[in-house]
Structures are given as C-alpha cells and as structure tokens.
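Here's the structure, in structure tokens; my notes come after.
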Amino acid sequence: MEAVPARVRAYVTCVALAALLCVLQLPGVRTPWWAVALLAALYAACEHVVRRRLGGTFYPVLLAGAFLLPPPAAALVPLPGALLSRAEQRPQALRRTWRAAELALAVWGAGCVHWALGGRDAVVDSDFPYALLPCGAAVLAFCAVLALLDGGILAVAMGAPPTPSGQWGRVPVRRAWRGLLSRSLAPVGVHGLAGLMMAVLWRSPYGPVAALLVLLPMCVSWWVFAQYHRERAAHQATIRALVQAVDIKDGYTRGHSERVGQASVMIARELGMDDDRVEVLRFAGILHDVGKLGVPTRLLRKNGPLTPEERRVIELHPEYGHEMVRGISFLGEARAAILHHHERIDGSGYPYGLVGTQIPESARVVAVADAFDAMTSTRSYSRARPVAAAVAELRRCAGRHFDAGVVDALTRALARHGWHPAVTADVDRTDQADDQADQADQVDQADRNDHSGPSGPSGSSGSSDQVVSGPPGGDRESVGRGAL
0 MEAVPARVRA YVTCVALAAL LCVLQLPGVR TPWWAVALLA ALYAACEHVV RRRLGGTFYP
60 VLLAGAFLLP PPAAALVPLP GALLSRAEQR PQALRRTWRA AELALAVWGA GCVHWALGGR
120 DAVVDSDFPY ALLPCGAAVL AFCAVLALLD GGILAVAMGA PPTPSGQWGR VPVRRAWRGL
180 LSRSLAPVGV HGLAGLMMAV LWRSPYGPVA ALLVLLPMCV SWWVFAQYHR ERAAHQATIR
240 ALVQAVDIKD GYTRGHSERV GQASVMIARE LGMDDDRVEV LRFAGILHDV GKLGVPTRLL
300 RKNGPLTPEE RRVIELHPEY GHEMVRGISF LGEARAAILH HHERIDGSGY PYGLVGTQIP
360 ESARVVAVAD AFDAMTSTRS YSRARPVAAA VAELRRCAGR HFDAGVVDAL TRALARHGWH
420 PAVTADVDRT DQADDQADQA DQVDQADRND HSGPSGPSGS SGSSDQVVSG PPGGDRESVG
480 RGAL
C-alpha cells in the first residue's frame, strides 16, 4: 500500500483536534459517568459484533447517548469502540483515530441540536409526539456532520478512511459530497428512532435494563439487512464471472457489455422505471451477449466473411444466453432481454421475428443501447461516430428497427447527461469477424446482404449486435420456448 499523503494526515489531525475540543468542555457540565461508561461499553460490544459478524456500523446506542447525555459527555461514548475496533488496512492507528474523531463530532453535533430544541425535557417527560421533532433534527445533524467529514476526506484523498480502497488519489471536489447525506438519512433515521426508544425507556421507571431490550429487534433487523447485502454481493459476483468469461472468449465485448448496461440504465431512468427495474435492465445490458460462450471461438474470431451456415450458428447466441441464465431468478425480465434483444419492430429480427409490442420492453431498451454503443465505440479498425450522428441514425430507423419511444428516451438522457464512449483496448483484428456477424447490416435494410466487413464512420450501419436477417433455419422452438 502507498504511503499516506501528508494532506491526509493533516486533515485527520484537524478532525481529531476538533473532537478533542468538544470533549474538553466536560468540566463545565454535570456528567453521569456511570451512564457514559455503560453506553460506551454497550456501543463497543455492539460495534464488535455488528462489524465483525454482519458488516456496517450500529448507531442506536450513539444516538441514545446524544438524547440522554450532555453533548461533551455524549462525545465520549463512541471513543472506546472506535479506538479498539479492528482496522483491516494500514495505517491502523490513523484509521481508528479518524473513525473515533468523526463519530465523536457527529454525536456531539446531534447532542447540541437535541438539547437546544428541548429534547432532554421531552425525553424525560415522554412528551410524544413533540419528542420526535428534536430527535429528527438531531439525526439530521448527525448525518450532516458525517457527510461533511466523509466528503472532506474524499476530496483530500480517495481511499483514505473510511473507504478501504487503499488508493490515495484525489477526486473532484464537486463530486466528493454527492449523495452522502441523502443516502444516509433513511437508515440513520431508523437508528435514531431506536435510540429515542432507548432514551425514553432509560428515563422511565423500568430503567436502563428495559432500554437494552430495544437492541434485540434492531439486531434482528440488522441481520436481515446484512443477509440481503450478502445476497446482493453474490449476485454481483455471478454477473462479473459471466462477463469475464465472455471477455476472455470474445475480445470485442471487453468494455462493450458494461457500456450497454450503462446506456440501458440511462434509458430505463428516462422512461420512469423504478429502481428495481433499472437494476434489472443494467444486468440485461451487461449480459446481453453472454450466449456467445456457446458459439465456437473460431467463428467469433474468424478473419474473413462468414458463410450462411456460420451466420446461423452465431445467430443462436441469444438462445444460448437465455438457456444459460434461465435458472438465475434474480435476473427477472433481463432473461427475456437476453433472448429477444435482436428482435426488430418490423419483425425482421431474430430468433422469432417478433413484431412491435410482442418484443419485451426490456429487450427493446437493450437493443437501442447496444446499437448506440456500437456506433459510438472506437475499435482498432473502426472509428467511432459522433454521438449526434449515432442518434440521427437511431432516429432514422425508429419505428422500423427500434422502438421510437426508447430512442426518444435515450436522446433525452444524452441531452441531460451526455455520453463518453470508451475505447475498447487491445482488440485484435481477428475480432473483426464477430462484427461482420453482428454489425454490418443492422440498421439499414439495404445492408442486409453485405457481410464483407465492418462499416466505416460514413457507412449506414450502426450496431454491432443488430443483425436484421430473419429467424435462422431449423426448428428451435423448443430451445427458447421458456421465455415466451
């Protein structure tokens, strides 16, 4: 690992000194030391269990301390747990100091806001629903301090704690704080409600023992949440393994799959799809060519024109792909997109020659994203078209080959966000045969019989994966029936 830059050490030192100044206010306040010690020990135990067994962090005890204790005393609660926690990467001392300091400042800020709004009296008197107001304000302050400090260290050096990437490279300041506050409000808000219940029970006749019972359902919910993220990580690992396998077999798809996934996400969001469908469309774009694993490598890398029989073999790859992923339940409608992304609105596509709305919406989205990336990608033997030219070609073919509404959605998304097509590196000319099978005749009906080579920038073809020939010969109905 690289040495920690001096600017990072200086930033962490400044945050630690600010936390120390907050704690130095203790002599001026009346501190219930037994409560501080109990909450600190409880947080250290919870942090050890949660971070080691479940992953993430556990804020209810910290927020309960902010609701129960004076702000300087509340700032002491996270220190033992943070300073004694395990740091997986070096420098461990710096990472522990950073975590302890930022949590101390966040709890101190939450405590100040809570006490300033009369939250202490509301907790003692169990004054509901008024107690929710200072609680919500304290949670907002807690999240704001964490976002401010985390964004600061991201701006100073990417990879510094708390991010474990281990790379010390600065990121643009305008991006450092993007989304940090908004993403933390909902989960920390739930922790804040749990902390408020702990504080109310703590001040009730039942005492601290009753307050500890609040942690039991929180631990169960946290375990469920951790299981969800582990499952999600397994899904991502499955996707990566499939994409890497395709990349190894077919050099052209290196980078192409990810870009198609990105374009599919842009279109899906512009169409107003919910987050779950957007994620599925991303999977569909990334895996749309996974069926090429079933195509002989000699055909994908053939240096020369394809025979009609060889073309029919390559045109089987959507069905191969569908058969490969049909048992992966979390892909959902992405499986239909993999099977039908070569279909055309006018029925000239394959494998089944579906027409119009018979083609699943996910497949129509991936088809446009695939064509757009092929036209705007630079390869060793073919220069990329400008985005405007690619959009014009998609518009020209809208209603015949592509869904007009999907093309309009991509156009709006590009106008709003722009597009920065990547250059596919280390592509050998032997990959040209794959484009001859998938690129030469996708958007212009006049090019359907031209298989001699890939089109240049001024040609009329535009998509590497939009072959317009009809359903290949042979009875393959039983192969793909499960997707229809």
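Using numbering that gives the first Met the number 0, read the sequence shown as starting at 0 and increasing by one per residue.
Every residue, glycine too, gets a C-beta built ideally from N, C-alpha and C.
Note that the coordinates shown come from a computational prediction; the quantities given were computed from them, not determined experimentally.
- The three-state reading of DSSP puts residue 130 in coil, since its state is none of H, G, I, E or B.
- Beta-bridge partners assigned by DSSP to residue 401: 397.
- In this chain, the alpha helix (DSSP H) harbouring residue 261 covers 255-269.
- Between residue 402 and residue 280, the alpha-carbon positions lie close to 16 Å from each other.
- Counting only runs of 4 or more residues that sit fully inside the segment 319-351, the alpha helix (DSSP H) segments are 333-339, in chain order.
- Between the segment 290-298 and the segment 319-328 there are three or more inter-stretch CB-CB distances shorter than 8 Å, so the stretches are counted as touching.
- Cβ-Cβ distances below 6 Å link residue 23 to nothing in the same chain once the five nearest sequence neighbours on each side are left out.
- In this structure the segment 93-112 lies against the segment 60-77, because at least three pairs of beta carbons, one per stretch, are closer than 8 Å.
- For residue 60, the CB contacts under 8 Å within the same chain, skipping 5 residues up- and downstream, are 38, 41, 42, 45, 76, 194, 197 and 214 in chain order.
- Burial check for residue 267: the Cβ neighbour count within 10 Å reaches 16 or more, so the residue is buried.
- If you compare the alpha carbons of 47, 95, 361 and 30 with that of residue 11, the shortest gap goes to 95.
- Secondary structure within the segment 209-256: the alpha helix (DSSP H) runs of 4 or more consecutive residues, fully enclosed, are 214-248 (chain order).
- Residue 183: member of the alpha helix (DSSP H) spanning 179-202, first to last residue.
- In this structure, 192 is the residue among 72, 92 and 192 with its C-alpha nearest to the C-alpha of residue 128.
- One thing to note: residue 410 has its Cβ no nearer than 7 Å to the Cβ of residue 386.
- Across the set 184, 415, 56 and 99, the C-alpha of 184 shows the shortest separation from the C-alpha of residue 135.
- Within a 10 Å sphere around the beta-carbon of residue 228 sit fewer than 16 other beta-carbons, which makes this residue exposed.
- Taking the CA atoms as reference points, residue 217 sits about 16 Å from residue 207.
- No beta strand (DSSP E) of 3 residues or more sits fully in the segment 31-66.
- Under the 8 Å Cβ criterion, the segment 271-280 counts as touching the segment 329-342, having at least three qualifying pairs.
- When 99, 69 and 70 are compared, the shortest CA-CA separation from residue 83 is found for 99.
- If you ignore the 5 residues before and after residue 190, its C-beta comes within less than 7 Å of the C-beta of 58, 59 and 62, all in its own chain and listed in chain order.
- For residue 205, there is no enclosing alpha helix (DSSP H), since its DSSP letter is neither H nor E.
- Each residue's CA atom was taken as its position, placing residue 299 and residue 340 some 19 Å apart.
- Fewer than three beta-carbon pairs drawn from the segment 359-379 and the segment 232-247 are found closer than 8 Å, and the two stretches are therefore not classed as touching.
- If you draw a straight line from the Cα of residue 71 to the Cα of residue 140, it is about 15 Å long.
- When C-alpha distances from residue 260 are compared across 273, 240, 244 and 288, the shortest belongs to 288.
- Residue 400 counts as buried, since no fewer than 16 other beta carbons sit within 10 angstroms of its beta carbon.
- Our two residues, residue 179 and residue 146, have alpha carbons roughly 5 Å apart in a direct line.
- Rounded to the nearest angstrom, the Cβ distance from residue 113 to residue 133 is 5 Å, consistent with a contact under 8 Å.
- Here DSSP, grouped into helix, strand and coil, assigns residue 176 to coil.
- Assignment of residue 306 by DSSP, reduced to helix, strand and coil, places it in the coil class.
- Taking all protein chains in view, the Cβ of residue 150 is crowded by 16 or more other Cβ atoms within 10 Å, so the residue is classified as buried.
- Residue environment for residue 64: buried (at least 16 other C-beta atoms within 10 angstroms of its C-beta).
- Distance from the CA of residue 396 to the CA of residue 242, rounded to the nearest whole angstrom, comes to 29 Å.
- Residue 137 is positioned such that its CB atom lies closer than 7 Å to that of residue 109.
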